[in-house]
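Protein chains in written order, with the numbering used here: chain W, 496 to 640; chain F, 23 to 202; chain V, 60 to 278. In what follows, a structure is listed as structure tokens, so that the remarks can point back to it.
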Amino acid sequence: MTVHNLYIFDRNGTCLHYSEWNRKKQAGISKEEEFKLMYGMLFSIRSFVSKMSPLDMKDGFLSFQTSRYKLHYYETPTGIRLVMNTDLSVPNCRETLQQIYSTLYVDLIVKNPLCVLGESLQSELFNSKLDSFIRALPFFSVRAA
Amino acid sequence: MSRQSNRATDSKKMNSELFTLTYGALVTQLCKDYENDEEVNKQLDKMGYNIGVRLIEDFLARSSVGRCHDFRETADVIAKIAFKMYLGITPSVTNWSPAGDEFSLILESNPLVDFVELPDNHSNLVYSNLLCGVLRGALEMVQMAVDVRFTQDTLRGDNVTEIRMKFIKRIEENLPAGDE
Amino acid sequence: MAIFSVYVVNKAGGLIYQYDNYVPRAEVEKTFSFPLDLVLKIHDEKVVVSFGQRDGIRVGHAVLSINGVDVNGKFTAEGKEIQEYLRDPANYPVSIRFGRQKLSSNEKLMLASMFHSLFAIGSQLSPEVGSSGIEMLETDMFKLHCFQTLTGIKFIVLADPRQSGIDALLRKIYEIYSDFALKNPFYSLEMPIRCELFDQNLKSALEIAEKAGTFGPGS
């Protein structure tokens, strides 16, 4: 079990934060392009599922998986979007993402008046707390490469 | 998470008079810095807005409230949860417009004005205008454009303090950046 | 437990087959007096609720009929703009039926090709080497399962999140496709499937899967 990477986007699609742990493959495009592609994909998935759904949805899109990884998605009503890629054996991560939002993002970024909202996060404290938070997750383990 | 267990207590351990006095100092300083009351009202609203756009995240993180799909629901959440959480009061929600797009929050007491007597030369000052900005900013972040204003104020001799909120529109989701 | 629908998409992203197996009804009719306490907007040439939900009417529901007469997109049966009509107090009280708009065949085509590209992007953004595209997509109301054959045909099934046995069903549909579409000499590759036998066999496969899924082991 492992965590590959994590993206945080704001409502306008700006990538506020990106970090990776056990990522074996890059997308073959610049990071900026990758963020755009990721956000664009999420945006399309949201509109796709809202049209496809036979019933009215509450939370909407939660996750998807391919043959090699699983993407977990959490979105706040303010449009903050958290995306975490893990391997397939990791169960539902909604609560984990919610915790990253409420204990790390809100406390360390939103309440820090020096952090400008809507720009990529420059907080050292946030980065290190997030890193230790992820590393402490029960399903985080570094596999031998 | 240790942080999480602390927060319930640390959010309550503050003297509310210090808060009231701080707000008072802020308003009087603005009154010194700006010529007329209108300008001060505008500044208070602006500051409130900047607080609101951040405070909403804290609110969503701490309460497990989801997105509102009805203005009545919004009114309830503001009065019963948000005001309770941040000001320790629960205003009543009344005076609905027939179309359900306007309502009033009636505040029996307002912690911001505990020691305040409005001098005669500040008859146009909306002392607690910060609150309007907070509400406007917070709701804007959850895709709701609203108009918020004080229509009654105990500081001006009214019996109660009344905040009137009017729903203007839903702010439609922005398209992804760079999506020409 | 339910299987909602089946889509078959060719390798170019074109929808070649679609079947709605179970469409839950979500419609509400209510009589309103002036003014209307819902915010409506035009979306995709339909009038939908953008804000305000109660009595079973939900955000996203479209206006389906007014006073018992079906509407035509954003116009009433008489050809008036619905929003204009509802702004006139003289037309009240009015009875409006709201519900989830059913997908038109055009929208289905569009959604199929949209998924086709999402599938590809999902593979490109993989943090691991050698990943397929999206095989399963989960929401709180349904799960979408996709099986792509080596030849690039995608079989997509939309089902209740608790429905099991979908992987087996997808293989079964592949079999049915090769038996009753491919082997039919009058079927031309990559083109829409219009074969009686395919329809019949698909329906019975869905029935079996729905029944077995309730009791059977997880897929």
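Each residue gets a CB set at the ideal place from its N, CA and C atoms; glycine is no exception.
Asked, Found
"State the CB to CB distance for the pair F:Gln174 and F:Val168, rounded to an integer number of angstroms; the pair is presumed to be in contact (CB under 8 Å).", "Not really, about 18 Å apart at Cβ, beyond 8 Å."
"Under the rule that 16 or more other beta-carbon atoms within 10 Å means buried, what is F:Ala97, buried or exposed?", "buried"
"With distances taken Cα to Cα, identify the nearest neighbour of W:Ser514 among W:Glu590, W:Asn580, W:Leu632.", "W:Asn580"
"Evaluate V:Leu196 with the Cβ neighbour count: other Cβ atoms within 10 Å of its Cβ, from every protein chain shown; 16 or more gives buried, anything less gives exposed.", "buried"
"Going along the chain, which residues of its own chain have a beta-carbon closer than 8 Å to the beta-carbon of V:Gly119, five neighbours each way excluded?", "Val107, Val108, Arg159"
"Leaving out five residues before and five after V:Leu95 in sequence, what residues of the same chain have Cβ atoms less than 6 Å from its Cβ?", "Leu145"
"Go ahead and label V:Ser185 buried or exposed: buried means 16 or more other beta carbons lie within 10 angstroms of its beta carbon, across all protein chains shown.", "buried"
"Restricting to runs no shorter than 3 residues, where is the beta strand (DSSP E) found entirely within the region 140 to 199 of chain F?", "166 to 174, 183 to 192"
"Can you pull the chain F neighbours of W:Leu612, defined as C-beta to C-beta under 8 Å?", "Val75, Arg76"
"According to DSSP, simplified to helix, strand and coil, what is F:Gly74?", "helix"
"Using three-state DSSP, classify W:Tyr513 as helix, strand or coil.", "strand"
"Could you name the residues of the region 178 to 211 of chain V whose beta carbon sits closer than 8 Å to any beta carbon of chain W, in the order they occur along the chain?", "Ile180, Gly181, Ser182, Gln183, Leu184, Ser185, Pro186, Glu187, Val188, Gly189, Ser190, Ser191, Gly192, Ile193, Glu194, Met195, Leu196, Glu197, Thr198, Asp199, Met200, Phe201, Leu203"
"Would you kindly work out how many angstroms separate the C-alpha atoms of V:Leu177 and W:Ser539, rounded to a whole number?", "8 Å"
"Would you grab the beta carbon distance between W:Met496 and W:Val611 for me? Rounded to a whole angstrom, and I think it's under 8 Å.", "About 36 Å separates the two Cβ atoms, so there is no contact after all."
"List the residues that DSSP assigns as beta-bridge partners of W:Tyr564.", "According to DSSP, W:Tyr564 bridges with nothing at all."
"Counting only beta-carbon atoms, is F:Phe93 nearer than 9 Å to chain V?", "yes"
"Which word fits F:Met36, buried or exposed, when buried means at least 16 other C-beta atoms lie within 10 angstroms of its C-beta?", "exposed"
"At a CB-CB cut-off below 9 Å, which residues of chain F make contact with W:Lys546?", "Going along chain F, no residue has its Cβ under 9 Å from W:Lys546, so there is no contact; the nearest lies around 14 Å."
"List the residues of chain F whose Cβ lies closer than 9 Å to the Cβ of W:Tyr596, in chain order.", "Glu79, Leu82, Ala83"
"Roughly how many angstroms lie between the CA atoms of F:Asp136 and W:Ser636, to the nearest whole one?", "55 Å"
"Please list, in chain order, all residues of the same chain as F:Lys68 whose beta carbon is under 7 Å from its beta carbon, the five residues on each side excluded.", "Gly155"
"Specify the secondary structure class of V:Glu266 as computed by DSSP and reduced to three states.", "helix"
"Can you tell me whether F:Asp80 is buried or exposed? The criterion is at least 16 other CB atoms within 10 Å of its CB, across all chains shown.", "buried"
"Under 8 Å Cβ-Cβ, which residues of chain V neighbour F:Arg192?", "Val98, Lys100, Ser109, Phe110"
"What residues from the region 109 to 143 of chain F come within 7 Å of chain V, judged by C-beta to C-beta, listed N to C?", "Pro120, Ala121, Gly122"
"How about W:Met547 and V:Leu209: are their beta carbons less than 9 Å apart?", "no"
"Does the Cβ of V:Met200 have 16 or more other Cβ atoms within 10 Å, making it buried, or fewer, making it exposed?", "buried"
"Taking a cut of 9 Å between CB atoms, which residues from the region 502 to 534 of chain W lie near chain V?", "Glu515, Asn517, Arg518, Lys519, Lys520, Gln521, Ala522, Gly523, Ile524, Glu529, Leu532, Met533"
"Nearest by alpha-carbon distance to W:Asn607: which of F:Thr44, F:Phe105, F:Asn72 is it?", "F:Asn72"
"Ordered along the chain, which non-local residues of its own chain (more than five positions away) have a Cβ less than 7 Å from that of F:Ser38?", "Pro133"
"Would you kindly report the start and end of the unbroken alpha helix (DSSP H) that includes W:Asp602?", "Careful: W:Asp602 lies outside any alpha helix (DSSP H) and carries neither H nor E."
"Looking at chain V, is there any beta carbon in it that lies within less than 9 Å of the beta carbon of F:Met163?", "no"
"Between which two residues does the beta strand (DSSP E) containing V:Lys105 stretch?", "105 to 110"
"Indicate, with yes or no, if the ligand SAH has a heavy atom lying under 8 Å from the CB of V:Val98.", "Ligands in the displayed structure: none, and consequently the ligand SAH is not present."
"Applying the 10 Å Cβ sphere with the 16-neighbour rule, what's the burial state of W:Ile575?", "buried"
"For chain B, is any of its Cβ atoms less than 9 Å away from the one on W:Lys553?", "Included in the structure are the protein chains W, F and V, with no chain B among them."
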